[in-house]
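Student:
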Amino acid sequence: MSMTTPRTSHCHYLLCVTASAVGRNIYFIVVAWLMMKYTADPSAIAMLLAAGSCAEFLTTNLGGVVTDRYRPQLTCLVCDGFRILTMAAATAGMMLGYPVQSLVASWVLYAVLDRTYLTALQAMIPGMVDAARLLSFNSTAYVWMQIGNFCAAVAGGLLLAFTPDYLSLMAPLSCFLLSFGSSFARREVYCDRRGNAEPVTFLRRELFPGLPQRSLVLPSVVYAFIYAAGMMVSVLGSALVMGEFGRSALAFGFVEAGWAAGSVLGCLWLLFRSAKSDALLWHLLATGIILTNFLVFQNLFAALLQMMGLGLTYNSARILIDVEIQRSFPISQLGRARSQVHTVCMAVSLSVYGVVALIGKALAPSVIFGWFGLVALFTGTVFWACFRRDLPAVR
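Residues in the sequence shown are numbered from 0 upward in steps of one, following numbering that gives the first Met the number 0.
Shown next as C-alpha cells:
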C-alpha cells in the first residue's frame with residue numbers, strides 16, 4: 000500500500016481540525032445554553048466551567064507527556080473515540096431525565112479529552128511542514144478551525160431553537176465521528192520525531208502542574224489572560240444575551256458567530272503579514288480595550304462587533320504563541336511545552352470562574368466583562384512599561 004502524499008495528509012489534517020472545531024463549538028454552545036435554561040443561574044455555568052478547568056489543570060501535563068511519548072495521530076484517535084462515547088453517554092443521561100448531571104459529567108471528561116486532543120494536533124505540525132512555513136500553515140489551520148466555529152455558532156443556535164434538548168448532542172457526536180475517520184485515513188503518515196530518543200517512561204515531575212520554563216513566561220501570561228477572556232465569554236455569553244438583551248438562543252448563536260468571524264479575519268491577517276512586528280502584548284492590550292467597551296456599549300449590535308474584535312485578538316495571539324513554541328522546542332518536547340503554557344491558562348481561568356461564581360448574580364455580565372478588561376489592560380501596560388526592551392515578538 001502506498002504512503003499517503005503530503006498534500007493528502009494536509010487535507011486530512013485540516014478536515015480533522017474543521018470537524019473537531021464544529022463539534023467542539025456546538026457542544027460548548029449547547030452546554031452553556033442548557034445549563035442556563037435548567038438552572039437560571041450564571042454562577043452555575045461558571046462552576047461547571049471551573050470543574051472542567053480544574054480537571055484540565057490537573058491532567059494537562061499528563062496529556063503533554065502522552066503526546067511526546069506516543070504518535071500524535073494515535074493520541075487523536077483515542078481522544079476522538081472517547082469523545083464520541085462521552086456524547087453518547089450524555090445524550091442517554093438526558094433522555095433518562097438527568098440533564099444537569101449528564102452535562103456536568105460529560106463536561107469534565109470532555110475537557111480532559113479535548114485538551115489532550117488539541118495538544119496532539121498541534122504537535123503534528125512541525126513534522127508536516129518546514130520551519131519557514133510554520134506561520135502560514137498554523138494560520139491556515141486556524142482559518143479552517145474558525146470557519147468550523149462560525150458554522151457551529153449558527154448551527155448551535157438553530158439546534159437549540161428547533162430540536163429537543165436531548166438530541167442536541169447528536170451534532171457534535173457526528174462531527175467527532177468525522178474527525179475520527181479523517182485521523183484514521185491518515186494513519187500511515189508519521190510525523191518526524193527528530194531527537195526523540197527518550198524511553199517511554201513517565202516521570203513524576205511531568206505529571207503534575209508546574210510553572211513554565213523561563214522562555215515561556217511571557218507567552219504564558221499573555222495567553223492566560225486572552226484565554227480567560229475567551230472562557231469568560233463562554234461563561235457569561237448566554238447570560239448577556241438572555242438576561243441583559245432579552246434575546247433568544249438564535250441571537251446567542253449570532254453572537255458566537257461574531258466571535259468566529261473575527262477569528263477568521265485574524266487568521267487571514269497573519270497569512271499576509273510578517274510576524275516580526277507582532278509583539279504578543281499588543282493583543283493583550285487590545286483585548287483589554289475591547290472588554291472595557293462593554294461598560295459603555297450594551298446592545299446586541301455592539302456585542303456582535305466586540306465579539307468580532309475579541310475573536311481577532313484571541314486567535315492572532317494563539318497562532319503567534321503556537322509558532323513561537325514550535326520554533327523554540329524540538330518536536331519531542333512540544334507536548335510538554337504546550338502543556339506548561341496551558342497550565343498557567345487554567346490557573347488564571349480557575350480564578351476567574353471563582354470570582355464569577357461568587358458575584359455572578361450581583362453584577363451584570365457587561366460589568367464583569369468591563370472590569371476584567373481593565374485588569375487585562377493594566378497587566379499589559381505594566382508588562383509593556385517594565386519589559387518593553389525585552390519583549391519578544393514572534394520571530
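Using N, Cα and C, we set each Cβ at its ideal position, and we do this for glycine too.
No experiment lies behind these values; they were computed from the predicted model shown.
(1) Output needed for Leu-280: all residues of its chain with C-beta closer than 7 Å, excluding positions within five of it in sequence on either side, in chain order.
(2) Which first and last residues belong to the alpha helix (DSSP H) in which Leu-249 is found?
(3) Could you give the C-beta distance for Gly-156 and Phe-253, rounded to a whole number, given that I count them as a contact under 8 Å?
(4) Smallest Cα separation from Ser-348: which of Ala-54, Ile-28 and His-9?
(5) Indicate whether the contact test is met: 3 or more Cβ pairs, each with one atom in the stretch 18-30 and one in the stretch 142-152, closer than 8 Å.
(6) Span of the alpha helix (DSSP H) holding Ser-105?
(7) Measure the beta-carbon distance from His-341 to Thr-59 and round it to whole angstroms, keeping in mind my assumption that it falls under 8 Å.
(8) Along the chain, where does the alpha helix (DSSP H) containing Gly-80 start, and where does it finish?
(9) Report the option in His-9, Met-169, Thr-139 and Leu-172 whose CA atom is closest to the CA atom of Met-317.
(10) If we call anything under 9 Å between Cβ atoms a contact, is Leu-264 one with Leu-294?
(11) Can you tell which of Met-307, Ser-338 and Gly-372 has the C-alpha that lies nearest to the C-alpha of Ile-324?
(12) For the alpha helix (DSSP H) containing Gly-22, list its first residue and its last residue.
(13) When the Cα atoms are used, what is the spatial distance from Gln-145 to Gly-245?
(14) If you run the structure through DSSP and keep just helix, strand and coil, what is Val-239?
(15) Tell me whether Asp-277 sits in a helix, a strand or coil according to DSSP, three-state version.
(16) Please identify the residue among Leu-267, Ser-135, Asn-314 and Ala-238 whose C-alpha is closest to the C-alpha of Leu-283.
Tutor: Result, derived from the coordinates:
(1) Sequence index remark: in the sequence shown, residue 280 carries index 281 (1-based). So the list reads Val-221, Gly-379, Phe-382, Trp-383 and Leu-390, once near-sequence residues are dropped.
(2) Residue mapping note: residue 249 aligns to position 250 of the sequence shown, counting from 1. From DSSP, the alpha helix (DSSP H) with Leu-249 extends over 248-270.
(3) Locating residue 156 in the sequence shown gives position 157, counting from the first residue. Locating residue 253 in the sequence shown gives position 254, counting from the first residue. Yes, Gly-156 and Phe-253 are in contact; Cβ-Cβ is about 7 Å, under 8 Å.
(4) Locating residue 348 in the sequence shown gives position 349, counting from the first residue. Per the Cα distances, Ala-54.
(5) Yes, the stretch 18-30 touches the stretch 142-152.
(6) For the purposes of this step, residue 105 is taken as the residue at position 106 of the sequence shown. Looking at the DSSP string, the run of the alpha helix (DSSP H) that includes Ser-105 is 98-127.
(7) Your numbering for residue 341 matches position 342 in the sequence shown. Your numbering for residue 59 matches position 60 in the sequence shown. At roughly 5 Å, the Cβ-Cβ gap stays under 8 Å, so His-341 and Thr-59 are in contact.
(8) The count along the sequence shown starts at 1 and reaches residue 80 at position 81. Its alpha helix (DSSP H) spans residues 71-94.
(9) Residue numbering aside, residue 317 sits at position 318 when the sequence shown is read from its first letter. Strictly speaking, residue 317 in this sequence is Arg, with Met absent from that position. Considering only alpha carbons, the answer is Thr-139.
(10) Here residue 264 refers to the residue found at position 265 when the sequence shown is read from its first residue. Here residue 294 refers to the residue found at position 295 when the sequence shown is read from its first residue. Taking C-beta atoms as the reference points, Leu-264 and Leu-294 fail to come closer than 9 Å.
(11) Position 325 of the sequence shown, counted from the first residue, corresponds to residue 324. Taking Ile-324 as reference, the option from Met-307, Ser-338 and Gly-372 with the minimal CA-CA separation is Ser-338.
(12) Indexing the sequence shown from 1 puts residue 22 at position 23. Segment 5-38, the alpha helix (DSSP H) holding Gly-22.
(13) To locate residue 145, count along the sequence shown from 1; it is residue 146. To locate residue 245, count along the sequence shown from 1; it is residue 246. Distance between Gln-145 and Gly-245, taken at the CA atoms: about 27 Å.
(14) By 1-based counting over the sequence shown, the position of residue 239 is 240. What sits at residue 239 in the sequence shown is Leu, not Val. Three-state DSSP puts Leu-239 in a helix.
(15) Residue numbering aside, residue 277 sits at position 278 when the sequence shown is read from its first letter. Note that Asp-277 has pLDDT 47, beneath the 50 cutoff, so the model's placement of it is unreliable and the number below is only indicative. The answer is coil: DSSP assigns Asp-277 none of H, G, I, E or B.
(16) As a first step, residue 283 is located in the sequence shown; it is residue number 284 there, counting from the start. Minimum Cα distance to Leu-283 is reached at Asn-314.
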